[in-house]
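Going by this note's numbering, the residue at position 71 of the sequence shown is 79; the numbering climbs one at a time, nothing skipped. Note that the Cβ used here is the ideal one computed from N, Cα and C, for glycine as well. Computed from a predicted model, the values in this text were never measured in an experiment.
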Amino acid sequence: MRNVRNQVQIIGRLGGEVELRTTSNDKKVANINVAVNRYFTNSQGEKVENTDWFRVVAWGFTAENMAKVLHTGDEVMIQGRLSTHSYENKDKGMQYITEIVADQFLFIASPRQVREGEKVAS
Numbered sequence: 009m010r011n012v013r014n015q016v017q018i019i020g021r022l023g024g025e026v027e028l029r030t031t032s033n034d035k036k037v038a039n040i041n042v043a044v045n046r047y048f049t050n051s052q053g054e055k056v057e058n059t060d061w062f063r064v065v066a067w068g069f070t071a072e073n074m075a076k077v078l079h080t081g082d083e084v085m086i087q088g089r090l091s092t093h094s095y096e097n098k099d100k101g102m103q104y105i106t107e108i109v110a111d112q113f114l115f116i117a118s119p120r121q122v123r124e125g126e127k128v129a130s
């Protein structure tokens, strides 16, 4: 049960292309931003849609596969853990970053597949 304490899973769409780079230690790292829509009814009874953006980082084999498979707009499931770190910016102020460190991902659909599915369904 100890391994479940810091686990997160999201399903959303990629906000841009996967940024794959190699560190000075020759390790592959990928960065993506994932948009997750959520819906609620406000106090006036209107349905409202909000989008939450999540920073996601992946390492090694997972990073390389993300870069090969995922593209802007793709729907994806990300599973991993939350990580928070800080750094000092150029103005000597502290910046705090929370991101998902992806252990695994699952490609769900591209925007084109979704559009074609809607045409078939109608």
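Cα-Cα separation, residue i to residue j
| i | j | result |
| --- | --- | --- |
| F69 | D111 | 10 Å |
| I40 | K100 | 27 Å |
| I116 | N50 | 30 Å |
| E83 | Y104 | 27 Å |
| A129 | E96 | Because A129 carries a pLDDT of 44, less than 50, the predicted location of this residue cannot be relied on, and the following value inherits that uncertainty. So the two alpha carbons sit approximately 52 Å from each other. |
| F62 | Q52 | 29 Å |
| N58 | D34 | 39 Å |
| L22 | L78 | 8 Å |
| S118 | S94 | 34 Å |
Continuous beta strand (DSSP E) stretch holding residue i: start and end
| i | result |
| --- | --- |
| T70 | Looking at the DSSP string, T70 is not in any beta strand (DSSP E); the run it does join, the alpha helix (DSSP H), is G68 to V77. |
| S91 | E83 to E96 |
| N41 | K36 to T49 |
| Q103 | M102 to A117 |
| R13 | Here R13 belongs to no beta strand (DSSP E), and DSSP marks it neither H nor E. |
Sequence-distant residues of its chain with Cβ nearer than 8 Å to residue i (five each side left out)
| i | result |
| --- | --- |
| G24 | I40, N41 and T80 |
Check whether residue i and residue j have beta carbons under 9 Å apart
| i | j | result |
| --- | --- | --- |
| W67 | V109 | yes |
| V56 | G20 | no |
| Q87 | F48 | no |
Beta-ladder partner(s) of residue i, from DSSP
| i | result |
| --- | --- |
| D99 | Note: D99 sits in no beta bridge, so no partner. |
| G20 | V84 |
Close beta carbons around residue i, own chain, < 6 Å, minus the five adjacent residues each side
| i | result |
| --- | --- |
| V26 | A38, I40, M74, A75 and L78 |
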